[in-house]
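Trainee:
Protein chains: 2
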Amino acid sequence: MPEPNHIVIIGGTACGPKAAARARRCDPHAEITIIEQGPNLSTATCGLPYYISGVIKDKGPMVARPPEHFRDVLGMTVLIGTRATAIDRKKRTVTVTDLKTKQDSSIAYDKLVLATGSAPVRPGWAGSDLKGIFTLSDLPDASAIKKYAAGLANKEAVIVGAGLIGLEMAEALAALGLKVTVLEALGWALPQLLDEEMAASLAKHLASKGVILRCGERVNGFSGDKAGRVASVITGGGEAKAGLVLLSLGVRPEVGLVREAGLKIGALGGIAVNEHLQTSDPAIYAGGDGVEVTNIITRKPMLAPMGSTANKHGRIIGSNVTGGRLTFPGVLGTAICKLFDYNAGRTGLSAAQAQAAGYETITALVPAPEHASYYPGAREIVVKLVAEKSSGKILGGQVVGTGEAAKRIDVLAAALSSGATIDSLADLDLAYAPPFNSAMDPLHNAANVIRNKRAGLARTLTMAEVKARLDRGDDFILLDVRSAPEWKKERIKAEQVRFLPLTELRQRYNELPRDAEIVIYCHTSVRAYQAQRLLDGEGFGNVRFMEGSLSVWPYETESG
Amino acid sequence: MPEPNHIVIIGGTACGPKAAARARRCDPHAEITIIEQGPNLSTATCGLPYYISGVIKDKGPMVARPPEHFRDVLGMTVLIGTRATAIDRKKRTVTVTDLKTKQDSSIAYDKLVLATGSAPVRPGWAGSDLKGIFTLSDLPDASAIKKYAAGLANKEAVIVGAGLIGLEMAEALAALGLKVTVLEALGWALPQLLDEEMAASLAKHLASKGVILRCGERVNGFSGDKAGRVASVITGGGEAKAGLVLLSLGVRPEVGLVREAGLKIGALGGIAVNEHLQTSDPAIYAGGDGVEVTNIITRKPMLAPMGSTANKHGRIIGSNVTGGRLTFPGVLGTAICKLFDYNAGRTGLSAAQAQAAGYETITALVPAPEHASYYPGAREIVVKLVAEKSSGKILGGQVVGTGEAAKRIDVLAAALSSGATIDSLADLDLAYAPPFNSAMDPLHNAANVIRNKRAGLARTLTMAEVKARLDRGDDFILLDVRSAPEWKKERIKAEQVRFLPLTELRQRYNELPRDAEIVIYCHTSVRAYQAQRLLDGEGFGNVRFMEGSLSVWPYETESG
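Chains as they are written, first to last, in our numbering: chain L, 1 to 560; chain C, 1001 to 1560.
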């Protein structure tokens, strides 16, 4: 029998255990050692907000496999409560410290796997050491937050950062009976995921659930009470009372060991790996939150810490440390979250990100019911599709709303991965039956809007552009073409607004001045586009419509 | 001003109205006439089962746009209650009959659009003219079925054909209080969509809802009572009492007009069109249920009557009759249905269809929760993935179960459209958060099972193969590696079955005879695969596992 392959894996959350299990399946005779500083292996950290809220009652099932599984079933050496402190690449050894006994020892490897993950960003703001200021990255954090929240006299929580974890935790802390304020330094919620206009209805939804979202407000520090507990967050704009503070400012790769071992670190601060997930030392592989991955659209490195990617990395590494040669194609930055009764997802680039990456973009903003509107219970979604203007290649998409978002994000992810264009998206043979979809999926409609724009048939303004014109007092007609009952119920409040239902437009268009600039809106833009084409046909020279229309208009309206 | 383009459209359900509306948007000056023999335009016929069941209360919203919309808003000539009876291709005229006045007239066209749809298959079985035997293709059919069911003394309904409409109608008629029997001549439910093993749990679900499914039973005719009403269905195997009968044997393209006009008809009986949806006469376009479409996988023609395709056809035709040159890429045969609390979908080819088309296939059968199992409410799905063995190219997929199926079908549809392989599917960056998915989507797992099979790591038998061996009394060990409580609760009943939990297998494998043939099962196959690899590693030479395992095992079990 040949000498067995010694595989040592540092990190036991997602990528590490997956790599270990896969390596065992590929090579029944490998000697595998897995090193984890915490008490558990294979923890579902993405479930932590739901464990805190009580939606997940029992933390047991969040640990996918107990350490005994890795030891007894998979036949590995499991070192929990153990920290890797140094890598000697020449000798191919890892130094580890037993955190209980403080004893050091050395473990030899043929292949080393770094699944060391990431750590929450904690800026050095004044007062950061006060009690009651938390970050969330593992089960002990979650238990500490739960316990602290239960003992609070001041039931006010402040979350710093309106990203994925921050907003999921807003729901969780509200479920614990806390009054939640979210502070976001940038201009809107989920700024890394959504373009500004897509975040407006999310902000409304959070407000309807009692969550106060304060955007564009930077934190300077914290003040505490006599017992050393946090009492408020001091911001550029004032302060926010807080019995509990959660910092959710993103994560940074853990690269201490890697740096000391002299392995290459990328420009973004993550471990640099090739497509086989090998570091600059071919005997050392790395995956999960700690590494830089390739963005499939831009082909540039990015940090995209996600449990889904960590699992894929684990499988690839487990194969490659046992003689395989699998490659990881990269990521699209796909992400989704459930926030109360609202869903928000993104894949690929937002319009802002695409423009920052140098693309000239063309976009569509399409409000739509999640399935056939005549089938009961259809909730609303809004799709934003981003494509390259010259080629029509899809660059990204966002879906938000109370309706089904994950399906559309995943379809876009599949389309983006193959370099699809809006033409191919428009005719995708998606599954249709009234409980699941409309005959035309909202993605089909979004693709067709972009086709209509590229063909010069549809000409649009954004809501922000219309609002700016109204605020400047520009001389134009903002034409509402909905029905009289809709008009009475709610309409845009501005002196430029004029009402002429689409149903009467063909008979009455002569009432409109031919030389005026006309911008049309309706409820979702479907009728507004029809009206634009009708007026085009009658020789009006300066007609556009406002994409998204009243259903997503985030500004003031009036009624009556 | 140039002479306007005269566009005449025959057919007002889906493709026709869509073509009309699109033509109007592309060409504001075209003269457009739309001819429909029924009373409505733009009817959502896919909603009819839900209208019959009462889930959809009001038929109003099932008519997307009233005829007035096409006349007053879109400025067209609308001829409802009018039948097109002849096409004169030389003179470019259509003869129409007003069904009320019986008056004929002639309409000139520059471009003609045939959106004449399909008609339900009605075999000439004895007794077919008895009262109470229905087909379902439009609102009048639906209203007639509703009315007849309400007046029934014998509350027994028989549905002939367990296809999409047949099974949707089983749910609808059960909701009306009828005792429903479904007769299917082929061997299992949804035989055009699902492979046999995928239909087993659907049959169980239907049975749990009181629907009796009789497969492999051919209809010979009907017998009636003295009032001329149907009383029973006579089959090869006996009879089935029936107060009401629905024939759901699929549809055939309506090609009477087309044949008389001498236009080309394809081998499958549908109108032959090119990729621009032009018939053999370049001035005549056709789309919707009546035409043959290209299967994207096989590149061969197929009939795939779906409202989703009809709408896409309408948009393309509307563009092309006004100077455009859009192409239709074809279909994947994607379909989905909700049957009580169960979902079943398919895209691309089933394994049987792929083999019939000449492919050597490799498949995966993966039971999985719809989202992270530790997040509450995860329902089950089963994914079957079909790929070409030599290339790994994906050929199709099926998803069934009470859990989320539509998303996975749509992701596969997007992947299939780009010619994706199982390798690209395995690493798709799909949206992950515990309420929406597991870190690895069931599609990822299915792709990885195929990769493991191709790599020789995973070796499997199907459930049917195992059952056949048990029935023959073959000498092998059927090894159950689940936990003791699972074993006690339910297990496969056979003398070949032996119990040895995976948790003890590494310590106790020597209890198993090394020279025996061993087939392993667990609950979903995850542990069975681990056990196979463990025994492989210990030198056992003839070990496989049963794909799908007990969670989808459709045969007898025992407990205690």
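We put the CB at the ideal spot given by N, CA and C, even for glycine.
Using a Cβ-Cβ distance cut-off of 7 Å, determine whether D225 (chain L) contacts chain C.
Mentor: Answer no: the Cβ-Cβ gap between D225 (chain L) and chain C never drops below 7 Å.
Trainee: Ends of the alpha helix (DSSP H) at Q353 (chain L)?
Mentor: It spans A351 to A356 - the alpha helix (DSSP H) in which Q353 (chain L) sits, taken as one unbroken run.
Trainee: Quick one: residues in its chain with C-beta nearer than 7 Å to the C-beta of Y359 (chain L), no 5 flanking neighbours on either side, listed in chain order?
Mentor: Contacts found: E388 and L395.
Trainee: Please name the residue in L:V73, L:D98 and L:V113 whose C-alpha comes closest to that of R92 (chain L).
Mentor: Here the closest residue by C-alpha is L:V113.
Trainee: I need the straight-line Cα distance from A1357 (chain C) to T1298 (chain C), nearest angstrom please.
Mentor: Whole-angstrom Cα-Cα distance: 7 Å.
Trainee: Compare the Cα-Cα distances from E168 (chain L) to each of L:S223, L:N40 and L:F340 and report the closest residue.
Mentor: The shortest C-alpha separation from E168 (chain L) is found at L:F340.
Trainee: Do L139 (chain L) and G224 (chain L) come within 7 Å of each other at the CB atom, strictly closer than that value?
Mentor: No, they are not a contact pair.
Trainee: Below 7 Å CB to CB, which residues in the same chain sit around A1174 (chain C) once its five sequence neighbours on both sides are set aside?
Mentor: Counting only Cβ-Cβ distances below 7 Å, and skipping sequence neighbours, we find V1180, K1209, G1210 and V1211.
Trainee: Closest to A150 (chain L) by C-alpha separation, out of L:G54, L:M440 and L:R408, would be which residue?
Mentor: The residue with the shortest Cα to Cα distance from A150 (chain L) is L:G54.
Trainee: Which value, in whole angstroms, describes the spacing of the CA atoms of S1391 (chain C) and R1315 (chain C)?
Mentor: Going by the C-alpha atoms only, they are around 35 Å apart.
Trainee: Does the region 1152-1170 of chain C come close enough to the region 1286-1306 of chain C that 3 or more CB-CB pairs lie under 8 Å?
Mentor: Because the criterion of three Cβ pairs below 8 Å is not met, the region 1286-1306 of chain C and the region 1152-1170 of chain C do not touch.
Trainee: Just to confirm my understanding: we take S438 (chain L), look at its own chain, exclude 5 residues before and 5 after, and list those with CB closer than 8 Å. What are they?
Mentor: Here the set comprises A368, P369, H371, A372, S373 and Y432.
Trainee: With H, G and I counted as helix, E and B as strand and the rest as coil, what does DSSP make of V1386 (chain C)?
Mentor: Reduced to three states, the DSSP call for V1386 (chain C) is strand.
Trainee: Taking 8 Å as the threshold, find out whether the region 413-433 of chain L comes into contact with the region 1415-1427 of chain C through three or more Cβ pairs.
Mentor: Output reads yes: the region 1415-1427 of chain C touches the region 413-433 of chain L.
Trainee: Measure from the alpha carbon of D1441 (chain C) to the alpha carbon of each residue in C:A1030, C:L1430 and C:P1435, then state which is nearest.
Mentor: Looking at the Cα atoms, C:L1430 is the closest of the given residues.
Trainee: Please state whether DSSP places A1044 (chain C) in a helix, a strand or coil.
Mentor: A1044 (chain C) falls in the coil class under three-state DSSP.
Trainee: According to the neighbour-count rule (16 or more other Cβ atoms, all chains shown, within 10 Å of its Cβ), is E1260 (chain C) buried or exposed?
Mentor: Exposed, by the Cβ-count rule.
Trainee: Buried or exposed for S106 (chain L), please, with buried defined as at least 16 other CB atoms from any protein chain shown within 10 angstroms of its CB.
Mentor: S106 (chain L) comes out exposed.
Trainee: Quick check on the DSSP output: what are the complete alpha helix (DSSP H) runs of length 4 or more inside the region 1481-1550 of chain C, in order along the chain?
Mentor: List check, alpha helix (DSSP H) in window: 1484-1489, 1502-1508 and 1526-1537.
Trainee: Closest by CA to G1324 (chain C), which one among L:N452, L:P67 and L:F70?
Mentor: The candidate whose alpha carbon is nearest that of G1324 (chain C) is L:N452.
Trainee: If you reduce the DSSP assignment to three classes, tell me which class K226 (chain L) lands in.
Mentor: Coil at K226 (chain L), not helix or strand.
Trainee: Taking DSSP's pairing of strands, which residues face K1393 (chain C) in a bridge?
Mentor: Looking at the DSSP assignment, K1393 (chain C) forms a beta bridge with C:T1421.
Trainee: Closer than 9 Å, Cβ to any Cβ of chain L: which residues of the region 1492-1526 of chain C, in chain order?
Mentor: The residues in question are L1502, T1503, E1504, L1505, R1506 and Q1507.
Trainee: Can you have a look at A611 (chain L) and say buried or exposed, based on whether 16 or more other CB atoms are within 10 angstroms of its CB?
Mentor: Since the first residue of chain L shown is 1 and the last is 560, residue 611 (chain L) is not available in this structure.
Trainee: Who are the near neighbours of R1071 (chain C) in its chain, counting only those whose CB is closer than 7 Å to its CB and skipping five residues on each side?
Mentor: So the list reads V1078, once near-sequence residues are dropped.
Trainee: I'd like to check one pair, A1516 (chain C) with C1522 (chain C): are the Cβ atoms closer than 7 Å?
Mentor: Not a contact, by the Cβ cut-off of 7 Å.
Trainee: Determine, for P1369 (chain C), whether the minimum Cβ-Cβ distance to residues of chain L falls below 7 Å.
Mentor: Answer no: the Cβ-Cβ gap between P1369 (chain C) and chain L never drops below 7 Å.
Trainee: Is the separation between the beta-carbon of A1142 (chain C) and that of L1048 (chain C) shorter than 7 Å?
Mentor: Yes. Within cutoff.
Trainee: Quick one, which residues of the region 1324-1355 of chain C are near chain L if we go by CB-CB under 9 Å, in chain order?
Mentor: Listed by position, the residues of the region 1324-1355 of chain C near chain L (Cβ gap below 9 Å) are G1324, L1326, T1327, F1328, P1329, G1330, V1331, L1332, G1333, T1334, A1335, I1336, C1337, K1338, N1343, G1345, R1346 and T1347.
Trainee: State buried or exposed for Q1103 (chain C), treating a residue as buried only when at least 16 other CB atoms are found within 10 Å of its CB.
Mentor: Exposed: under 16 other Cβ atoms inside 10 Å.
Trainee: Could you tell me which chain C residues have their CB closer than 7 Å to the CB of V55 (chain L), listed as they occur along the chain?
Mentor: P1376, listed in chain order.
Trainee: If you check the beta carbons only, do E511 (chain L) and S559 (chain L) fall under 7 Å apart?
Mentor: Against a cut-off of 7 Å, the Cβ pair of S559 (chain L) and E511 (chain L) comes out as no contact.
Trainee: Less than 7 Å between CB atoms is the rule here; does P542 (chain L) satisfy it with respect to chain C?
Mentor: According to the sequence as given, residue 542 (chain L) is Asn; it is not Pro. Not one chain C Cβ lies under 7 Å of N542 (chain L).
Trainee: Can you tell me whether DSSP reads H6 (chain L) as helix, strand or coil?
Mentor: Here H6 (chain L) sits in strand by DSSP.
Trainee: Please report how far the alpha carbon of V1255 (chain C) lies from the alpha carbon of G1456 (chain C), in whole angstroms.
Mentor: Taking the straight line joining both Cα atoms gives about 51 Å.
Trainee: Curious, which full-length beta strand (DSSP E) runs of at least 3 residues does the region 1022-1096 of chain C contain?
Mentor: Fully enclosed beta strand (DSSP E) runs of 3 or longer: 1031-1036, 1077-1080 and 1082-1088.
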